[in-house]
Amino acid sequence: MTENTRNRLTAIAVALPAFMSAKAFAAGASEPGLPQLDIATWPSQLFWLVVLFGAGYLVMAKIVTPRIGAVLEERRQTVDGDLEKARAASADAAKIRADYESDLEKARIEAAEFAKQAAMEASKKAEAADAKIARKLAEKVGAAEAKLAEAKSSAMANLNDVAAEAAMAAVASLAGIKTSSAQASKTASSIATKLAKQETN
Amino acid sequence: MSNSEGMHSPVEQFEIKPLVELSLGGYDVSFTNSSLFMLLAVGVSAIFLISAMRRADMVPGRMQGMAEMMYEFVAEMVRSNVGSEGRPYFPFIFTLFVFLLFGNMLGLIPYSYTFTSQIIVTFAMAAFVFVGVTIIALFKHGLHFFSFFVPAGAPKVLIPFLIVIEVISYFVRPVSLSVRLFANMLAGHTMLKVFAGLAVMISGAGGLAMAGSLLPFIALIGLTGLEVLVAALQAYVFTILTCMYLNDALHLH
């Protein structure tokens, strides 16, 4: 009984707040106090706590936590790897698109250049052809004008002679004066030049 | 456990009954009902966690998801309360949480035994944590550890006074840590027993009184739900306080 009391006191020293609630129960119960404060059961409880918690710790530390940790790590790496792959693929796609667009732009510029050149060449050719035709026409026009001038001058020369002859004939018949044809033609041509001068003025 | 002959003491459920008598070096280390449920807590949690991770799928199933959730929960607790330096202590803290959670939860099954309602068990665990973190702190900081008891920026006059308070509050840690869990389990299970006993007693009166037993029975259902919450919460509280003490030991203030 004294042993029991001493045990009880030790228990109180360790767990004073527990003792408070224990007293309340002890007052109402016929059995003495809380079973928790029967320190005769403590060695067994401590022994099994150490053994079983220790075993639990070994299982958790050696098997469970490494295994779960490995799975989580593997998953994290897989997800990161997939994300990295997706990022690389996206960068590739962007590069391909940029290449395609720059190629397209180059082709567009080349085509415009080509079209411009073709247009320039065509217009050059057309100009050359135009110039050739114009030259030919000008030549023809020149030749025709020369012919015309020749015809005109020869006609004019004939006209002088005709006018001199007509004048000689008129003088001979009117005044009965015979004039030399040379004098007549000289007079006629001087008149003709005078007329031409008047015309130009 | 039977209440059919009337109201037994509500603390009778906490009695330790030896199942296999054992003795070691003169001490009685019998395998008891408490030891049996401690063994079950360790066994069930180990079997659950190992079998859940047996396939270790990249995309977890239900069981694996639960196991991973428990792991992540404790890992996050250690990360946010202790930081990266808490890594080596993670297996211990994980074991502590699982041990307490399964112990508390299994204890809620009728006719089972709640070993966390034993002050000696909770106190031994709290004392182990207390001594452990103090040794870690002494190893890491040496004599500088004692600066922990001097609050920074306090007026000089108050310092002796504050040191006394800090020292007391430090040494009260294992007591408060163990009593919190023990008292919660003790009170919860006692209350469940009281209401269950009441329901049985009233229904035993027969006749119209049978209907009256519904009231404590409904209360019992509500209390059981509350106790499930308390069981999980107290396992969490014990674990997170251990993390905080460990953080104090590793980083002082």
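Here the protein sequences come in this chain order: A and B. The first sequence begins at 1 in my numbering and counts up one residue at a time. The second sequence begins at 1 in my numbering and counts up one residue at a time. Built from N, CA and C at the ideal position, the CB exists for glycine as well. For clarity, every value in this text was computed on a predicted model and none was experimentally measured.
Selected residue, minimal CA-CA separation from residue i, among the options
{"i": "G322 of chain B", "options": "A:L37, A:P43, A:G33", "result": "The structure shown has nothing for residue 322 of chain B, since chain B only spans 1 to 253."}
{"i": "V98 of chain B", "options": "B:L250, B:M66, B:R180, B:Y245", "result": "B:M66"}
{"i": "G261 of chain B", "options": "B:E68, B:R54, B:L250, B:F37", "result": "Absent from the structure is residue 261 of chain B, since the part of chain B shown begins at 1 and ends at 253."}
{"i": "L40 of chain B", "options": "A:L52, A:R75, A:P35", "result": "A:L52"}
{"i": "L34 of chain A", "options": "B:S112, B:G86, B:L186, B:A126", "result": "B:L186"}
{"i": "L241 of chain B", "options": "B:S176, B:E21, B:V11, B:G61", "result": "B:S176"}
{"i": "S23 of chain B", "options": "A:F47, A:S181, A:Q36", "result": "A:F47"}
{"i": "F213 of chain B", "options": "B:V42, B:E76, B:A199, B:G204", "result": "A small fix is needed here, since residue 213 of chain B is Ser in this sequence, not Phe. When each option's Cα is compared against that of S213 of chain B, the closest is B:A199."}
{"i": "I16 of chain B", "options": "B:S112, B:A152, B:F128", "result": "B:S112"}
{"i": "E12 of chain B", "options": "B:L223, B:M63, B:G197", "result": "B:G197"}
{"i": "M63 of chain B", "options": "B:I50, B:A75, B:T32, B:F130", "result": "B:I50"}
{"i": "L181 of chain B", "options": "B:E227, B:V59, B:A75", "result": "B:E227"}
{"i": "I218 of chain B", "options": "B:L208, B:L192, B:A137", "result": "B:L192"}
{"i": "T193 of chain A", "options": "A:N160, A:T179, A:I39", "result": "A:N160"}
{"i": "Q45 of chain A", "options": "B:D28, B:G43, B:N81", "result": "B:D28"}
Proximal chain B residues relative to residue i, where beta-carbon distance stays under 7 Å
{"i": "R67 of chain A", "result": "M53, A56"}
{"i": "L46 of chain A", "result": "I120, A124"}
{"i": "I63 of chain A", "result": "I50"}
Extent of the continuous alpha helix (DSSP H) run through residue i
{"i": "L49 of chain B", "result": "33–52"}
{"i": "P10 of chain B", "result": "That residue, P10 of chain B, is in no alpha helix (DSSP H); it is neither H nor E in DSSP."}
{"i": "P155 of chain B", "result": "Where P155 of chain B is concerned, there is no enclosing alpha helix (DSSP H), given that its DSSP letter is neither H nor E."}
{"i": "I109 of chain B", "result": "Element bounds for I109 of chain B: n/a, residue is neither H nor E."}
{"i": "K197 of chain A", "result": "181–200"}
{"i": "R55 of chain B", "result": "Looking at the DSSP string, R55 of chain B is not in any alpha helix (DSSP H), and its letter there is neither H nor E."}
{"i": "G176 of chain A", "result": "Premise fails: G176 of chain A is in no alpha helix (DSSP H) and is neither H nor E."}
{"i": "L73 of chain B", "result": "The sequence given here places Phe at residue 73 of chain B; Leu does not occur at that position. Counting along the chain, the alpha helix (DSSP H) containing F73 of chain B begins and ends at 62–81."}
{"i": "Y89 of chain B", "result": "Note, Y89 of chain B: premise wrong, no alpha helix (DSSP H); not H, not E."}
{"i": "Q45 of chain A", "result": "42–59"}
{"i": "H141 of chain B", "result": "119–141"}
{"i": "I240 of chain B", "result": "214–251"}
Host beta strand (DSSP E) of residue i (start-end)
{"i": "L19 of chain B", "result": "18–20"}
Supposed contact pair residue j and residue i - C-beta distance, whole angstroms, cut 8 Å
{"i": "A249 of chain B", "j": "V133 of chain B", "result": "4 Å"}
{"i": "T239 of chain B", "j": "S178 of chain B", "result": "That belief does not hold up - the Cβ atoms of T239 of chain B and S178 of chain B are roughly 14 Å apart, past 8 Å."}
{"i": "Y57 of chain A", "j": "F139 of chain B", "result": "The Cβ separation is near 20 Å, so there is no contact."}
{"i": "A188 of chain A", "j": "A164 of chain A", "result": "4 Å"}
{"i": "F115 of chain B", "j": "S34 of chain B", "result": "5 Å"}
{"i": "F94 of chain B", "j": "S45 of chain B", "result": "The pair is not a contact, with the Cβ atoms about 10 Å apart (cut-off 8 Å)."}
{"i": "P88 of chain B", "j": "A126 of chain B", "result": "Not a contact, Cβ separation roughly 21 Å."}
{"i": "V71 of chain A", "j": "A56 of chain B", "result": "5 Å"}
{"i": "P10 of chain B", "j": "T224 of chain B", "result": "Not quite, the Cβ-Cβ distance comes to about 15 Å (not below 8 Å), so this is no contact."}
{"i": "V129 of chain B", "j": "Y236 of chain B", "result": "About 15 Å separates the two Cβ atoms, so there is no contact after all."}
{"i": "F14 of chain B", "j": "S117 of chain B", "result": "6 Å"}
Where residue i meets chain A, residues with beta-carbon distance less than 8 Å
{"i": "L223 of chain B", "result": "Residues of chain A passing the Cβ test: none, with the nearest at roughly 18 Å."}
{"i": "E254 of chain B", "result": "No answer is possible for residue 254 of chain B: the residues shown for chain B start at 1 and end at 253."}
{"i": "V78 of chain B", "result": "Ordered by position in chain A, no residue passes the 8 Å Cβ test against V78 of chain B, which lies about 11 Å from the chain."}
{"i": "L19 of chain B", "result": "Result: empty, since nearest Cβ-Cβ is about 11 Å, beyond 8 Å."}
Neighbour list for residue i in chain A, Cβ cutoff strictly below 7 Å
{"i": "Y27 of chain B", "result": "P43"}
{"i": "S34 of chain B", "result": "Q45"}
{"i": "V131 of chain B", "result": "Residues of chain A passing the Cβ test: none, with the nearest at roughly 14 Å."}
{"i": "L39 of chain B", "result": "L52"}
Closer than 8 Å: residue i CB and nearest the ligand HEM heavy atom
{"i": "I16 of chain B", "result": "Although the ligand HEM was asked about, the structure shown includes no ligands whatsoever."}
Under 9 Å by beta carbon: chain A residues contacting residue i
{"i": "A46 of chain B", "result": "A55, G56, V59, M60, I63, V64"}
Closer than 9 Å, Cβ to Cβ, to anything on chain B: give me those residues from the stretch 75–101 of chain A, in chain order.
R75, T78
Closer than 7 Å, Cβ to Cβ, to anything on chain A: give me those residues from the stretch 60–75 of chain B, in chain order.
A67, E68, Y71
Within 8 Å of chain A by C-beta, residues of the stretch 83–111 of chain B in sequence order
F90, P91, F92, F94, T95, V98, F99
Name the residues in the stretch 204–219 of chain B whose C-beta lies less than 7 Å from a C-beta of chain A; which are they?
none
Residues in the stretch 160–191 of chain B with C-beta within 9 Å of chain A's C-beta atoms, listed in sequence order?
V175, S176, S178, V179, F182, A183, L186, A187, T190
The stretch 103–123 of chain A: positions lying closer than 9 Å to chain B by Cβ:
none
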